[in-house]
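Sequential numbering from 4 applies to the sequence shown in my numbering. Note that beta-carbon positions come from the ideal geometry of N, C-alpha and C, so glycine has one too. Down below is the structure, laid out as structure tokens.
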Amino acid sequence: MWQPRPETAIGIFRFMAVATGNEYGLFINGESVEPASGELRDLVEPATGEKIGRSAMAGAADIDRAVEAARAAVDGPWGRTPPTERSRLLHALADAIHANRKELAELESRNVGKAISSVKAEVGGAVENFRFFASVIGSIAGRSNPVGGSLLTYSLKEPVGVAAQIVPWNYPLLMSVWKLSPALAAGCSVVLKPDPQTPLSVLGVAELATEVGFPAGAINIVPGDGPGAGAYLVKHPGVDKVAFTGSTKTGGEIMRLCSEPIKRLTLELGGKSPNLVFADASLDDAIPSSVWSIYYSAGQSCEARSRVLVEASLYDEFVARFADYAKQIRVGDPLDPETQMGSLISMAHRDRVHGFVKRGVKEGAEVVAGGEFGDGKGAFYQPTVLAGVDNTMEVAQEEIFGPVVTVIPFEDEKDAIRIANDVRYGLFATVWTGDPARGHRVARAIKAGMVGINMPFTAFPGIPFGGYKQSGFGRELSIETLDLYLETKGVLVSTSPKPFNPFGL
Ligand code: NAD
4 MWQPRPETAI GIFRFMAVAT GNEYGLFING ESVEPASGEL RDLVEPATGE
54 KIGRSAMAGA ADIDRAVEAA RAAVDGPWGR TPPTERSRLL HALADAIHAN
104 RKELAELESR NVGKAISSVK AEVGGAVENF RFFASVIGSI AGRSNPVGGS
154 LLTYSLKEPV GVAAQIVPWN YPLLMSVWKL SPALAAGCSV VLKPDPQTPL
204 SVLGVAELAT EVGFPAGAIN IVPGDGPGAG AYLVKHPGVD KVAFTGSTKT
254 GGEIMRLCSE PIKRLTLELG GKSPNLVFAD ASLDDAIPSS VWSIYYSAGQ
304 SCEARSRVLV EASLYDEFVA RFADYAKQIR VGDPLDPETQ MGSLISMAHR
354 DRVHGFVKRG VKEGAEVVAG GEFGDGKGAF YQPTVLAGVD NTMEVAQEEI
404 FGPVVTVIPF EDEKDAIRIA NDVRYGLFAT VWTGDPARGH RVARAIKAGM
454 VGINMPFTAF PGIPFGGYKQ SGFGRELSIE TLDLYLETKG VLVSTSPKPF
504 NPFGL
């Protein structure tokens, strides 16, 4: 077991038996354990630059141990847990997260630098997610297929087995829960690797899962480096299915690793989502929602609407009003309930975002708001608006993953659809229009996994969430997700007293 260290614990970690003097173990086989390598890495609070603890980093021996525990669980007690009991456990975990929502929100906010007001909603989303998958477990069912003759046939749904899940740093809690909930509902066991910078909230969830009665080994959490621990986990022969959320580049690498052993794989990748504003839209609705759609989570969202496409006749008015809103966003201490936008994840990421802005300006974009680091010693960046952008520019094509929006004019509906689809990604799109028929027409024409019509919000349990094109494949949050963690087996039974003898020999 992880040995307590005599350091001062942060009060918010009280529910985590894992936390011993701000040092966090791996979570394997139902308990917090020390990494075989002994490696601990500093966790830095991005908004202050201060160290908030140290996290164990998994190496190959730890991943072996976690996969072994997951296998024993799925072949043993967890595999024998009936669906009704799995449903009860998922509801119990939702209750436990709800009961600890304040601690979890504060933990996430400090670890990621994200505004507490946003994180509270995300913790609520995590609760809803577990509830949704707890309630749809009953839909897992095979069927009997009438094939004629004396044959009785039926299909069985079986859990795929051990699922390896890899998640990024931008929504550490929510992305983990989006993956854990369908896998556990389907009866799989899980080895989940969070980003090494943001392991805390999902370690907390694993602790809570054990407290409410999930058997040891059903959930294992192994923070570690991507190319090291992550790639080792993906390649592990004991892993039956891989589910990944992260960048398109890493997704391609993981696809390659899964190709030889033909591993089941789902990918939730990057985006450069458009927000189309037609001249017949209500600007009073469209502008504040469009502002939210890019600056929520400081633009560090896969579905951030980072390209605003505006009908040319509205362009100047829209840019001026949008920039006014952007300048009013309250950026600052993530733990202040009045804060609307916190810091970025790290200084390195802030510098990367700034690099995009500088290159955009060189290519001809005009900064009409922001464009500079924010105040304070943390990784703050001002909400930034780039106007005069052409869709071929780097800032319009590449995922900046920061609080930077590009505003691009279009001439008519056909032109708007052309520009919207002219990127390698296809995750989300929002259409603002006063004409319902146009809304539906444009929604059909856009190559994206999700489209909102006069509706900026993207993630509701029950609505399939996922991408077209290089935004990945597979769907989360919905009943379709369950199938990604299930195998279907056809069973054929002869009901004839005569033996089946097709060649008549
Ligand atoms: P990333 O690809 O660098 O890392 C994501 C995860 O993969 C991390 O846990 C990392 O440690 C791990 N990893 C890195 N290299 C690996 C390798 N070779 N093998 C195995 N694992 C590896 O992405 P990021 O910068 O952390 O996250 C931001 C990206 O995630 C953005 O592109 C964003 O759009 C995307 N994202 C997509 C969705 C979605 O649902 N489509 C949701 C959130 C984030």
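Where residue i falls, given that 16 or more other Cβ within 10 Å makes a residue buried
i, result
"Phe463", "exposed"
"Arg68", "buried"
"Gly377", "buried"
"Tyr428", "buried"
"Lys244", "buried"
"Ser2", "Nothing about residue 2 can be reported from this structure: the residues present for the chain run from 4 to 508 only."
"Val494", "exposed"
"Leu502", "Correcting the residue type first, residue 502 is Pro in the shown sequence and not Leu. Exposed."
"Thr84", "buried"
"Ser285", "exposed"
"Glu263", "exposed"
"Tyr157", "exposed"
"Glu111", "buried"
"Ala390", "buried"
"Ala323", "exposed"
"Ala440", "exposed"
Any non-hydrogen atom of ligand 1 closer than 8 Å to residue i Cβ
i, result
"Pro463", "Rather than Pro, the amino acid found at residue 463 in this sequence is Phe. Because no heavy atom of ligand 1 lies under 8 Å away, the Cβ of Phe463 does not count as near it: no."
"Phe247", "yes"
"Cys305", "yes"
"Thr253", "yes"
"Gly469", "yes"
"Asn173", "yes"
"Asp438", "no"
"Met258", "no"
"Met458", "no"
"Leu272", "yes"
"Lys196", "yes"
"Ile169", "yes"
"Gly241", "no"
"Phe404", "yes"
"Glu71", "no"
"Leu236", "yes"
"Glu397", "no"
"Gly233", "yes"
"Glu479", "yes"
"Met178", "yes"
"Pro218", "no"
Residue i - DSSP class collapsed to helix/strand/coil
i, result
"Glu306", "coil"
"Gly79", "coil"
"Leu187", "helix"
"Thr484", "helix"
"Arg267", "strand"
"Phe3", "The requested residue 3 does not occur in the structure, where the chain is confined to residues 4 to 508."
"Val36", "strand"
"Ile13", "Unreliable placement is indicated for Ile13, whose pLDDT of 35 sits below 50; no coordinate value is reported for it."
"Ala97", "helix"
"Pro467", "coil"
"Ile504", "It should be pointed out that residue 504 corresponds to Asn in this sequence rather than to Ile. Of the three classes helix, strand and coil, the one that applies to Asn504 here is coil, per DSSP."
"Asp45", "strand"
"Met396", "coil"
"Lys252", "helix"
"Arg427", "coil"
"Phe460", "coil"
"Tyr328", "helix"
"Ser497", "strand"
"Ser192", "strand"
Residue j beta carbon less than 9 Å from that of residue i
i, j, result
"Asn114", "Ser204", "yes"
"Gly455", "Gly274", "no"
"Ala72", "Gly227", "no"
"Glu474", "Glu341", "Per the sequence shown, the amino acid found at residue 474 is Ser instead of Glu. Taking 9 Å as the Cβ cut-off, Ser474 and Glu341 do not qualify as a contacting pair."
"Thr409", "Ala368", "yes"
"Gly190", "Pro86", "yes"
"Val364", "Phe325", "no"
"Ala129", "Val215", "no"
"Lys492", "Leu260", "no"
Cβ-based neighbour list, residue i, same chain, cut-off 7 Å, excluding 5 preceding and 5 following
i, result
"Arg134", "His94, Ala97"
"Ala20", "Its pLDDT being 40, under 50, Ala20 is placed unreliably in this model, and the coordinates cannot settle the point."
"Gly45", "Rather than Gly, the amino acid found at residue 45 in this sequence is Asp. Excluding positions up to five away in sequence, the list reads Lys54, Arg57."
Beta-carbon contacts of residue i that lie in its chain and below 6 Å, excluding the five residues immediately before and after
i, result
"Ser346", "Pro49, Ala50, Gly116, Gly381, Ala382, Phe383"
"Leu29", "Val36, Pro38, Ala59, Ala61, Asp65, Val225"
"Ile169", "Lys196, Gly233, Phe247"
Residues near residue i in its chain [Cβ-Cβ closer than 8 Å; skip 5 each side]
i, result
"Leu480", "Asn132, Phe135, Trp181, Ala462, Phe463, Pro464, Gly465, Ile466, Pro467, Phe468"
"His443", "Ile456"
"Ile411", "Arg310, Val311, Leu312, Val313, Val392, Asp393, Asn394, Ala399, Ile422"
Cβ-heavy atom distance, residue i to ligand 2, below 8 Å
i, result
"Met60", "Ligands in the displayed structure: ligand 1; ligand 2 is not one of them."
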